[in-house]
Amino acid sequence: MDSIQGSSAVFVANGAPRSDDGTHGSVRQSVEDIGAMSLVIEPDWKPAYIRRLTNVDRDLIADIPFRNESFSEKFIHLMLRGKEVSPGMYLCDASGIIPTRFYYVFDAKVEPYLPKNPGTHGAKLSAFFNTDIYIVDNPYDNVALFIKQSDDLHYFGQYNQPRNSDRLGYDTQCERVPDHVKMYWAQKLADPHRAAWLKAEMMKHFCPEMRYNGRLPAGKTVTPGGTVLSEVDIEAEKERYWAKAKHELFNFARRVRSWKEEAEMEVFTTTVEKMLLAFEATDADETPALRLWWEYLVCTGWDAGVYQRLWDLK
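As structure tokens, this is what we get:
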């Protein structure tokens, strides 16, 4: 079978400069400084969760052919008629080719921790998630995985995500995520034609939504001291309370409109350089840092029917 030889890498900083306040790695660090890194290749490294998994039962992958035929990306999308709903994840109508409505197409060039061979486990990196995909039950179960090597796609089997995603720490992101992968995500996030869901997630991340902590429009029948009020007093108290609640809600709505305008402008003015600097920001910086997430791809077996149907159509 063909092997997708993605490589992981460790970056070692070459004396990153200290800022005036004595800190390292803040957003004041230039993009040129970020690039001043040296590579140490570790091709077999995997996230801890993937390392702890047992291999797939041989009976579940016994049908993997010795030569795993390739398919063009155009052919796969033409046959499955998928629409990208999250980076590398496609939603399609029931095609009769794959068992569910979702399939993955990932590029090994920018996903160094994908499964190395069909029928094995791996992981991908993600910046944000599209929660709208939950309109379909269990969207991450039994998903067909295609991995791009050079210009061709290879079917790797069916995959689940049994564990929720884990966010990378600063150390892991520095030492395990190659610069070209960060550049890929920086360009994707800075793309002015980004999907609406991605824009909304970026707004919430880089300009956190305001929360209302004021009064709610509900009357009181008991004073704070526990004294029961008469019906007349109750109505008067309700009117006073509602007037204050209405005033606070009005002010909050006005602040939310202002927040939305500010957040939209923040995302609208996003650049590749700003995203690269966000990767280097500290967790304590006032400006939110950008950390990638692990999406764990656990192989549940090889669907010979999927492979054969695609091969017959080819």
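So for the sequence shown, the UniProt record's numbering puts the first residue at 1; every next one is plus one. Backbone N, C-alpha and C fix where the C-beta goes; we use that ideal spot for every residue, glycine too. A quick note: this is a predicted structure, and the numbers were derived from the prediction, not measured.
Within the model, the alpha-carbon separation for residue 179 versus residue 274 is close to 15 Å.
Its chain contains 27, 206, 278 and 281 as the residues whose beta carbon lies nearer than 8 Å to that of residue 287, once the 5 sequence neighbours on both sides are disregarded; these appear in chain order. The beta carbon of residue 189 sits closer than 7 Å to the beta carbons of 127, 202, 270 and 275 from its chain, once the five residues preceding and following it are set aside; these are given in chain order. Taking the Cα of residue 196 as reference, the smallest distance to any Cα among 86, 314 and 44 is reached at 86. Listed in chain order, the beta strand (DSSP E) runs fully inside the stretch 139 to 221 are 143 to 149 and 152 to 160, counting runs of at least 3 residues. Residue 83 is bridged by DSSP to 91. Here residue 122 carries a strand assignment [DSSP, helix/strand/coil].
Under the 10 Å beta carbon count, residue 74 is surrounded by fewer than 16 other beta carbons and is classified as exposed. An exposed status is given to residue 135, since fewer than 16 other beta-carbon atoms sit within 10 Å of its beta-carbon. Per DSSP, the beta-bridge partners of residue 295 are 124. If you compare the alpha carbons of 187, 50, 117 and 199 with that of residue 108, the shortest gap goes to 117. Between residue 113 and the set 285, 151, 43 and 187, the nearest pair of CA atoms involves 43. Annotated as distal: residue 297 and residue 155, with beta-carbon spacing of 8 Å or more. Rounded to the nearest whole angstrom, the C-alpha separation of residue 166 and residue 176 is 14 Å. Under DSSP, residue 105 forms a beta bridge with 146. Beta-bridge partners of residue 71 (DSSP): 153. Between the stretch 140 to 148 and the stretch 94 to 105, the count of Cβ pairs shorter than 8 Å is three or higher; the stretches touch.
Following the DSSP letters along the chain, one finds residue 57 in no alpha helix (DSSP H), marked with neither H nor E. Apart from sequence neighbours up to five positions away, the residues of its chain that approach residue 71 with a beta-carbon distance below 8 Å are 146, 152, 153, 154, 155, 310 and 314, ordered along the chain. The shortest CA-to-CA distance from residue 266 to any of 301, 303 and 192 is the one to 192.
Comparing C-alpha distances from residue 160 to each of 94, 56 and 283 shows the shortest one belongs to 56.
Residue 105 and residue 89 have their C-alpha atoms some 7 Å from each other. DSSP places residue 131 in the helix class (H, G or I) of the three-state scheme. By the C-beta density criterion, residue 124 is buried, having at least 16 other C-beta atoms within 10 angstroms. Just measuring C-alpha positions, the residue of 295, 312, 302 and 304 sitting nearest residue 49 is 295. Around the beta carbon of residue 263, 16 or more other beta carbons sit within 10 angstroms, so the residue counts as buried.
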